[in-house]
Structure formats: structure tokens, C-alpha cells
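In my numbering, the protein residues as written are 186 to 356.
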């Protein structure tokens, strides 16, 4: 079955039209499951549990100080990490920034953000030896950058620390 869609744009520069044809065919047989290379371990279920229980915390623009909301979230994270099945989990806190500022500045800011979360968790009883930190600066920015730096509401998503499973935990 096929359908053709046509769109027309009208503006100060004139009129333009374009068409696209969409064809839907019968679904092919399901392809075989890919074979995992030998020697590659599947991610343990505890990693998914950490991903679900320990989500990103956010910071104000150009700040590494923990907000009240981030502190409350870190308290819940600490409670989860201090439960028996999770006491041996090692993880990484990844500091992130938006695209504003130099690369060097953003690496430093991301580092301060990750270390702030690590220190707070340690103050709540989470063994600091379980926590690695790294700064990605703007490398892992997920916000949209469109237009001038003055108009970018999605950049707030980039003022964050992410938490990544490394090892440990009961299955």
C-alpha cells in the first residue's frame, strides 16, 4: 500500500511544494537474534536496578552547590545504596554542563558538581571508596542548542550529575 503526501509552503520568497511517497509492505520474518561475542558479559540486573533507583540530579546554571531538591534526592539515593543488597555497589558520578563557557571551565564545573554529590553521599554514610567521579563538561550535553545562547531553555537538562553502575551488588 502506498500514499503520497504533498506539502506547500508560502512565504515572502514565494511558494514551494514537495511530495513524499510512503510505501508500507508486509513485515518480513523476524531476523535471528544477534549472536553475542564470547567473553562479553551481559550487564547484571543490579545495574538496571541502579539505573531505575538512582536518577540524575540537577544544578542551577553555573553552580556546583547542591539545591534543596538535589539534596533530598541524594538522601533517597543514599537510603537505597545503604540497603543490604546494594551495599557493595560501586558507581560513577558523571558531572555535566551545558555548551556555554570554555571547554576547560566546563570540565572544572562538571568536576565540582560530581565531587559535591560524592561528598554529600559520603556524609550520609555511603562509603566514598564506592564512588568514582568524572567530568564530561559539555561532552554529554543532551539539551538542544538552536539559535543564540540567550534562548535555550533545554540547557537546564545539562546542569546535571548522572550515576552509572560499575560493579557489585547482590543479584
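All C-beta atoms, glycine included, are put in the ideal place defined by N, C-alpha and C.
Fill in: Touch test, the segment 311 to 321 against the segment 226 to 244, Cβ-Cβ under 8 Å, three pairs minimum
With contact defined as three or more Cβ pairs closer than 8 Å, the segment 311 to 321 and the segment 226 to 244 are not in contact.
Discussion item. With a threshold of 6 Å on Cβ separation, who are the neighbours of residue 201 within its own chain once the five nearest residues in sequence on each side are excluded?
Written reply: Only 194 meet the Cβ criterion.
Discussion item. Pop quiz: residue 298 and residue 249 are said to be a contact at Cβ under 8 Å. What is the actual Cβ separation, rounded to whole angstroms?
Written reply: About 5 Å; that satisfies the 8 Å criterion.
Worksheet item: Considering only residues of the same chain and omitting the five flanking positions on each side of residue 266, which have a CB-CB separation below 7 Å?
Response: 274, 311, listed in sequence order.
Fill in: Residues bridged to residue 243 (per DSSP)
Note: residue 243 sits in a beta bridge opposite 345.
Worksheet entry | Any non-hydrogen atom of the ligand ZN closer than 7 Å to residue 278 Cβ | As far as ligands go, the structure on display features none, and thus does not contain the ligand ZN.
Worksheet item: Which class does residue 293 belong to by DSSP, given the choice of helix, strand or coil?
Response: Here residue 293 carries a helix assignment [DSSP, helix/strand/coil].
Worksheet item: Can you name, in chain order, every residue of its own chain whose Cβ lies under 8 Å from the Cβ of residue 245, other than the five neighbours on each side?
Response: Counting only Cβ-Cβ distances below 8 Å, and skipping sequence neighbours, we find 252, 344.
Discussion item. In the DSSP output, what is residue 199 paired with across the bridge?
Written reply: In the DSSP assignment, residue 199 forms a beta bridge with 196.
Fill in: For residue 248, three-class secondary structure by DSSP
Assignment of residue 248 by DSSP, reduced to helix, strand and coil, places it in the coil class.
Worksheet item: Ordered along the chain, which non-local residues of its own chain (more than five positions away) have a Cβ less than 6 Å from that of residue 338?
Response: In this predicted model, residue 338 has a pLDDT of only 49, less than 50, meaning its place in the structure is not dependable; the value taken from the coordinates is given anyway. Cβ within range, chain order: n/a, list empty.
Discussion item. Which residues does DSSP list as the beta-bridge partners of residue 261?
Written reply: Looking at the DSSP output, residue 261 bridges to nothing.
Worksheet entry | CA nearest to the CA of residue 242, picked from 285, 192, 301, 199 | Of all alpha-carbon atoms in 285, 192, 301, 199, the one lying nearest the alpha-carbon of residue 242 is that of 301.
Discussion item. Taking a contact to mean a Cβ-Cβ separation below 8 Å, would you say residue 305 touches residue 268 in this structure?
Written reply: Contact annotation: residue 305 and residue 268 have beta-carbon atoms that are not nearer than 8 Å.
Worksheet entry | Beta-carbon contacts of residue 278 that lie in its chain and below 7 Å, excluding the five residues immediately before and after | Correct list, in chain order: 299, 302, 303, 316, 318, 346, 348.
Worksheet item: If you draw a straight line from the C-alpha of residue 289 to the C-alpha of residue 199, how long is it?
Response: Near 46 Å, if we compare the C-alpha coordinates of residue 199 and residue 289.
Discussion item. By alpha-carbon positions, which one of 229, 261, 197, 188 ends up nearest to residue 238?
Written reply: Here the closest residue by C-alpha is 261.
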